[in-house]
Structures are given as structure tokens and as C-alpha cells.
Amino acid sequence: MPRFKPMDPAFPIQQQLGIDAQPVVLVNVFTLDPADEADFLAVWKDDAEFMKQQPGFISTQLHRALGDSPTYFNYAIWESTDAFRAAFTHPAFVAKLSAYPSSAVASPHLFQKVAVAGVCTA
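Position in the sequence shown (from 1) plus 6 gives the number in the numbering used here.
Below you can see the structure in the form of C-alpha cells.
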């Protein structure tokens, strides 16, 4: 099971799950021992396949850090906090967490797009 480390200790994922918002973007940074990368990728793939079947799921993407850094960055787009919360707390998903390598540290956080005039839209 991964150890959860809040991206923002003052506002962990458990608090964010209580906010109604739509759409939302999950950003999750994973760190782990290099020897555990193959196991991590297999477990993450299984989790992603489960999440793709959940109501409100839009898309996901996994990135790996350059070089020898065993750091991964995942983002997933959901229709709403409600949809993400239902998937994240689903008993079948929670049961899958025990398959992650013990070296894995996950830092999940929810975001929304921000409009910046002349640069990007929300």
C-alpha cells in the first residue's frame, strides 16, 4: 500500500473530497524505489483500468521523470468531485491499494482550471 503524503499538508485530499466542484483534475505525484518501478506500473495500470470504468471519468495520463528519477506524475480529469470521490472511496479501488509496492509514496491533490487573460481558459 502506498504511503499518502499530502501535497498541501494544510489541505489534504480528504478535505478536498468534501468540496463540490466540476470538472476537477486529480494530480498525483508518486515516488518509489527504482527496483519497484515494474510492479508500480502494473498496479497503476490495473487501477487506471478500474477508474476508466467509473461514472464521471474523462481521461488520464501518466508521466515519468527524466533520467534516473523514479518519480511519476499522473493527472486524471473527472466530471466532478462527486464522481472522483465515488471512485476513490469505492471498496474495490481501496482494496487495490494494498498491491502497491511498500516504497510507493502518493501525493494526490484536486485542482480546477484557471483562466488567465490572453493565455488560457478555464
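Glycine included, C-beta positions come from ideal geometry on N, C-alpha and C.
Is it buried or exposed for residue i, if we count other Cβ within 10 angstroms and need 16 for buried?
i, result
"G24", "exposed"
"I19", "buried"
For residue i, write down the residues that DSSP places opposite it in a beta bridge.
i, result
"Q67", "Y81"
"R9", "V111"
"L116", "L32"
"T37", "T77, V111"
At which residues does the alpha helix (DSSP H) containing residue i begin and terminate?
i, result
"V16", "The amino acid at residue 16 is misidentified as Val; the sequence shows Ala. Note, A16: premise wrong, no alpha helix (DSSP H); not H, not E."
"T97", "For the record, residue 97 in the displayed sequence is Pro; it is not Thr. P97 -> alpha helix (DSSP H) spans 97 to 102."
"D53", "43 to 58"
Just to confirm my understanding: we take residue i, look at its own chain, exclude 5 residues before and 5 after, and list those with CB closer than 8 Å. What are they?
i, result
"P40", "D74, P76"
Report yes if the C-beta of residue i is less than 7 Å from at least one heavy atom of the ligand SAM; otherwise report no.
i, result
"A112", "Absence of the ligand SAM from the depicted structure is noted, as is the absence of any ligand whatsoever, leaving it without description."
Is it a yes or a no for the region 77 to 89 touching the region 23 to 41, going by three-plus beta-carbon pairs under 8 Å?
yes
Pair every Cβ in the region 59 to 68 with every Cβ in the region 111 to 121, then say whether three or more of these pairs are closer than 8 Å.
no
If we count Cβ pairs, one from each stretch, closer than 8 Å, do we get three or more for the region 68 to 75 versus the region 103 to 113?
no
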